[in-house]
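Visitor: Those letters in the sequence shown? Residues 1 to 125, by UniProt numbering.
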Amino acid sequence: MQKTKASADELIALILNGIEDVKGVDINLLDLREIENTVCDYFIICNGTSNTHVNAIVSSIQKTVSKAIHDKPWHIEGSENAEWVLMDYVNVVVHVFQKHIREFYDIEGLWGDAKVTLVESSYNS
């Protein structure tokens, strides 16, 4: 029943492409593998500028990943108000925020032991 799983690196690259395609901003990759008792290996965190933009980012990620490796999120939460949408790809969890919500919850601060990589955008935000 299990189809061939893409590598985490391939999944991350596709998610980042999906975010970049619709100009998601402030993209961070958090590597959680060195931390005990984590729910996944990686967090990808980014911002949208409005709830419409957040939903566009989520949709772009889904299309990009599905088209390339025929994978879909195990679970998606928060699409209704689109202030913080969580996409669970099991080993990689994507958080798409509106800026003020991201600042309030400060995921990067909560996971301060994670190795954080700022993903440079190919465009100016």
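Each residue gets a CB set at the ideal place from its N, CA and C atoms; glycine is no exception.
Using 8 Å as the cut-off, can you tell me whether the region 25-40 makes contact with the region 66-80, which would need three or more C-beta pairs spanning the two stretches below that distance?
Guide: Touching, no, given that fewer than three Cβ pairs across the two stretches are closer than 8 Å.
Visitor: Suppose you measure from the CA of E36 to the CA of E77; what does that come to, to the nearest Å?
Guide: Walking along the sequence shown from the start, residue 36 turns up at place 36. Walking along the sequence shown from the start, residue 77 turns up at place 77. E36 and E77: Cα-Cα distance of roughly 24 Å.
Visitor: Along the alpha helix (DSSP H) that carries T64, what are the first and last residues, could you check?
Guide: As a first step, residue 64 must be located in the sequence shown, where it is residue number 64. First-last of the alpha helix (DSSP H) with T64: N51 to I69.
Visitor: Please classify L30: does DSSP put it in a helix, a strand, or coil?
Guide: In the sequence shown, residue 30 corresponds to position 30, counting from 1. Correct three-state label for L30: strand.
Visitor: Distance check for Y42 and S60, CA to CA, integer angstroms please.
Guide: The sequence position of residue 60 within the sequence shown is 60, counting from 1. The sequence position of residue 42 within the sequence shown is 42, counting from 1. Taking the straight line from one Cα to the other gives about 19 Å.
Visitor: Where do the N-terminal and C-terminal ends of the beta strand (DSSP E) with E77 fall, by residue?
Guide: Locating residue 77 in the sequence shown gives position 77, where the first residue counts as 1. H75 to E77 is the extent of the beta strand (DSSP E) around E77.
Visitor: Could you spell out the range, first to last residue, of the alpha helix (DSSP H) harbouring K99?
Guide: Position 99 of the sequence shown, counted from the start, is the residue given in the question as residue 99. Note, K99: alpha helix (DSSP H), K99 to Y105.
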